[in-house]
Amino acid sequence: MTDKSASPRFPSPPFIPEDSIGYQMRRIVTLIGVEIERRMEPLGLTDAQWKPLLRLSLQDGATAAHLARNCHLDAGGMTRLLDRLESKGMCQRERSQEDRRVVHIALTPDGQAAAAQIPEQLQGVHDIALQGFSAAEQAQLTDFMHRIYANVQTFGAVSCPESDTPQ
Numbered sequence: 000m001t002d003k004s005a006s007p008r009f010p011s012p013p014f015i016p017e018d019s020i021g022y023q024m025r026r027i028v029t030l031i032g033v034e035i036e037r038r039m040e041p042l043g044l045t046d047a048q049w050k051p052l053l054r055l056s057l058q059d060g061a062t063a064a065h066l067a068r069n070c071h072l073d074a075g076g077m078t079r080l081l082d083r084l085e086s087k088g089m090c091q092r093e094r095s096q097e098d099r100r101v102v103h104i105a106l107t108p109d110g111q112a113a114a115a116q117i118p119e120q121l122q123g124v125h126d127i128a129l130q131g132f133s134a135a136e137q138a139q140l141t142d143f144m145h146r147i148y149a150n151v152q153t154f155g156a157v158s159c160p161e162s163d164t165p166q
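FYI, numbering that gives the first Met the number 0 numbers position 41 of the sequence shown as 40, with every residue one higher than the one before it.
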C-alpha cells in the first residue's frame, strides 16, 4: 500500500533550484539574519546572543539546558555563549537553592535593558520583510509557513521546540 499523504494533490512543476522553497527560505533567513545582526550591534549583541537574552527576559531563571534546546544549540555551545554574555555583564549564573547541581541564568540590569529593546528591533525587520503585503496576505503567508512546518516535521531529523523565538 502506498502512502498517499506524501504525494501532492497536483503534479509538481519541473524542479528549478532557484524556485525551490528551501532555497528561497535560506535566502530570506540569511538576509534577515544579516539585518538582525546589524540592528543588534548597537545593543552589544550578535545574532546568536539576542536569542537567549530574549528567552531570559520572557522566562528569567531558565537553565542553560533549557536555553540550549530553545536556541538550537548543544550544551557546549550554549555554555560558551553564556560565558560571552556574562563577560559583557548581561547575565549571571545562580546555583539553585533546591538542587545545587542546577544552575539558573538570570539577566542583569544591563541584560534587561538590552532585552527590552530586542522586540522593537525584530519588529522593524519583520515590517520591512512584509512591506507591501496586505494584512490578509500576511495572515495567509503565516498560515502557509505553519502548514509547511507541520509538513516537514514528519522528516524527523531535527526536533524544533514549539517555543521557538520567531525571527
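Cβ coordinates follow ideal geometry from the N, Cα and C atoms, glycine included. All values derive from a computational prediction rather than experimental measurement.
Find the nearest neighbour of residue i within the set the options, judged by alpha-carbon distance.
{"i": "Gly43", "options": "Gln58, Arg99, Asp109 and Val102", "result": "Asp109"}
{"i": "Asp98", "options": "Thr62, Ala114 and Gly131", "result": "Thr62"}
{"i": "Glu34", "options": "Leu55, Gln23, Thr141 and Val124", "result": "Val124"}
{"i": "Ala128", "options": "Trp49, Met24 and Pro10", "result": "Met24"}
{"i": "Ala114", "options": "Ser86, Gly131 and Asp59", "result": "Asp59"}
{"i": "Glu17", "options": "Phe132, Pro10, Arg26 and Phe9", "result": "Arg26"}
{"i": "Arg38", "options": "Gln139, Gln120 and Gln96", "result": "Gln120"}
{"i": "Leu182", "options": "Val28, Ala74, Leu81 and Gly75", "result": "Limits of the chain in this structure are 0 at one end and 166 at the other, which puts residue 182 out of reach."}
{"i": "Gln111", "options": "Gly32, Ser11 and Leu57", "result": "Leu57"}
What residues in its chain sit with their C-beta under 8 angstroms from that of residue i, if we drop five residues either side in the sequence?
{"i": "Ile20", "result": "Ile147"}
{"i": "Glu85", "result": "Gln91 and Arg92"}
{"i": "Gly76", "result": "Ala67"}
Since residue i and residue j should fall inside the 8 angstroms C-beta cutoff, what is the C-beta to C-beta distance between them, to a whole number of angstroms?
{"i": "Leu30", "j": "Pro51", "result": "The pair is not a contact, with the Cβ atoms about 23 angstroms apart (cut-off 8 angstroms)."}
{"i": "Ile117", "j": "Leu55", "result": "At roughly 11 angstroms, the Cβ-Cβ gap does not stay under 8 angstroms, so Ile117 and Leu55 are not in contact."}
{"i": "Thr204", "j": "Met89", "result": "No statement about residue 204 is possible, as the shown extent of the chain runs from 0 to 166 and does not include it."}
{"i": "Gln48", "j": "Arg92", "result": "So it is not a contact: roughly 16 angstroms between Cβ atoms."}
So what does residue i bridge to, in DSSP terms?
{"i": "Glu93", "result": "His103"}
{"i": "Thr141", "result": "For Thr141, which the question treats as bridged, DSSP gives no partner whatsoever."}
{"i": "Thr45", "result": "Paired residue(s): none; Thr45 is not in a bridge."}
{"i": "Thr153", "result": "Answer is none; Thr153 lacks a bridge partner."}
{"i": "Thr29", "result": "Partner(s): none; Thr29 has no beta bridge."}
{"i": "Thr62", "result": "His103"}
Within the same chain, show all residues whose beta-carbon is closer than 7 angstroms to that of residue i, passing over the 5 residues directly before and after it, in chain order.
{"i": "Arg94", "result": "Val102"}
{"i": "Lys87", "result": "Gly43"}
Kindly list the residues whose CB is nearer than 6 angstroms to the CB of residue i, restricted to its own chain and excluding five residues on each side of it in sequence; keep chain order.
{"i": "Glu36", "result": "Asp46"}
{"i": "His145", "result": "none"}
What I want to know is whether the C-beta of residue i ends up closer than 7 angstroms to one or more non-hydrogen atoms of the ligand MG.
{"i": "Pro16", "result": "Absence of the ligand MG is noted for the structure shown, with no ligands found whatsoever."}
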